[in-house]
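Data block below; observations after.
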Ligand SMILES: [Zn+2]
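Numbering (my numbering), first residue to last: 464 to 649.
Shown next, in the form of structure tokens:
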């Protein structure tokens, strides 16, 4: 006996909505967060795209506080925390909620930090305009003067007082990077 079929639920971030690219969403439901809808200004082309999605039964939902906390924790570990806006975190938290409800979330985003966290949380994602990240990465900060590395986002080195720069640290090639795309085309 096969297990109960999970509903595929696509979660769109602002870039996904504003891309205007047609996304084949016929095989699942589409969700976005209240925060995303606030980023779309009324009137104009952006709003039109958003209206089109609403007509396609875009559901607007807010994530649970527990999931936001979990995303906060993971983003601190991966070093993406300072790159994620609250709205970005909402997207990821909403995906976690969907997963916890026993359904299958797929985040549609071009944001590398969202993709990085999604990968860490074992949540599927699809890029729209850009290639999905093919490597998992971690951001760290390095002093331009003494070269000391810091996990947290600090702009001035506490050792020598020089400015820090952001570098990518610890890269690992992702397996099955095209899985999500193949699945979508089926
Ligand atoms: Zn230094």
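The C-beta atom is built at its ideal place from N, Cα and C for all residues, glycine as well.
Determine the burial state of residue 527: buried for a count of at least 16 other Cβ atoms within 10 Å of its Cβ, exposed for fewer.
Residue numbering aside, residue 527 sits at position 64 when the chain shown is read from its first letter. A residue is called buried once 16 or more other Cβ atoms fall within 10 Å of its Cβ, and residue 527, having fewer, is exposed.
DSSP on residue 540, reduced to helix/strand/coil?
Taking the chain shown and counting its residues from 1, the one referred to as residue 540 is at position 77. Looking at residue 540 - three-state DSSP - the assignment turns out to be helix.
Buried or exposed by the 16-neighbour rule on C-beta atoms within 10 Å, applied to residue 475:
Taking the first residue of the chain shown as position 1, residue 475 is located at position 12. With 16 or more other CB atoms across the displayed protein chains lying within 10 angstroms of its CB, residue 475 is buried.
Taking the Cβ atom as the reference point for each residue, do residue 626 and residue 566 lie within a distance shorter than 8 Å?
For the purposes of this step, residue 626 is taken as the residue at position 163 of the chain shown. For the purposes of this step, residue 566 is taken as the residue at position 103 of the chain shown. No, these two residues do not count as a Cβ contact at 8 Å.
Quick check: is any heavy atom of ligand 1 less than 7 Å from the C-beta of residue 609?
Locating residue 609 in the chain shown gives position 146, where the first residue counts as 1. In this structure, residue 609 has its CB closer than 7 Å to one or more heavy atoms of ligand 1.
Stretch-stretch touch, CB-based, cutoff 8 Å, three pairs: the region 554-565 with the region 505-522:
Touching, no.
If you pair each beta-carbon of the region 568-584 with each one of the region 607-620, do three or more pairs fall below 8 Å?
Touching, no.
For the beta strand (DSSP E) containing residue 569, name the first residue and the last one.
On the chain shown, position 106 is the one that residue 569 refers to. Judged by DSSP secondary structure, residue 569 falls within the beta strand (DSSP E) whose first and last residues are 567-571.
Measure the Cβ-Cβ separation of residue 498 and residue 587 and say whether it is below 8 Å.
In the chain shown, counting from the first residue as 1, residue 498 sits at position 35. In the chain shown, counting from the first residue as 1, residue 587 sits at position 124. No.
If you draw a straight line from the C-alpha of residue 517 to the C-alpha of residue 628, how long is it?
Counted from its first residue, the chain shown places residue 517 at position 54. Counted from its first residue, the chain shown places residue 628 at position 165. Taking C-alpha positions only, residue 517 is separated from residue 628 by approximately 41 Å.
Leaving out the 5 sequence neighbours to the left and right, which residues in its chain are closer than 6 Å to residue 530 when beta-carbon positions are compared?
The count along the chain shown starts at 1 and reaches residue 530 at position 67. Around residue 530: 556, 559, 560.
Since residue 583 and residue 537 are thought to touch, with beta carbons under 8 Å apart, how far apart are those beta carbons, to the nearest angstrom?
On the chain shown, position 120 is the one that residue 583 refers to. On the chain shown, position 74 is the one that residue 537 refers to. Distance from residue 583 to residue 537 at the Cβ level is roughly 6 Å; contact confirmed, criterion being Cβ atoms closer than 8 Å.
Closest to residue 524 by CA distance: which of 585, 545, 624, 472 is it?
As a position in the chain shown, residue 524 is number 61, starting the count at 1. For the residues 585, 545, 624, 472, the minimum Cα distance to residue 524 belongs to 472.
Identify which residue in 541, 491, 532 has its Cα closest to the Cα of residue 519.
Numbered from 1 along the chain shown, position 56 holds the residue referred to as residue 519. The shortest C-alpha separation from residue 519 is found at 491.
Using the DSSP secondary-structure output, state which residues sit across from residue 629 in a beta bridge.
Stepping through the chain shown from its first residue, residue 629 is reached at position 166. Paired residues: 604.
Considering only residues of the same chain and omitting the five flanking positions on each side of residue 477, which have a CB-CB separation below 8 Å?
For the purposes of this step, residue 477 is identified with residue 14 of the chain shown, where counting begins at 1. Same-chain partners within the cutoff: 499, 502, 503, 550.
Where residue 521 falls, given that 16 or more other Cβ within 10 Å makes a residue buried
For the purposes of this step, residue 521 is taken as residue 58 along the chain shown, with counting starting at 1. By the 16-neighbour rule on beta-carbons within 10 angstroms, residue 521 is buried.
Beta-carbon spacing of residue 509, residue 481 below 8 Å:
Translated into positions along the chain shown, residue 509 becomes position 46. Translated into positions along the chain shown, residue 481 becomes position 18. Yes, the Cβ-Cβ distance between residue 509 and residue 481 is below 8 Å.
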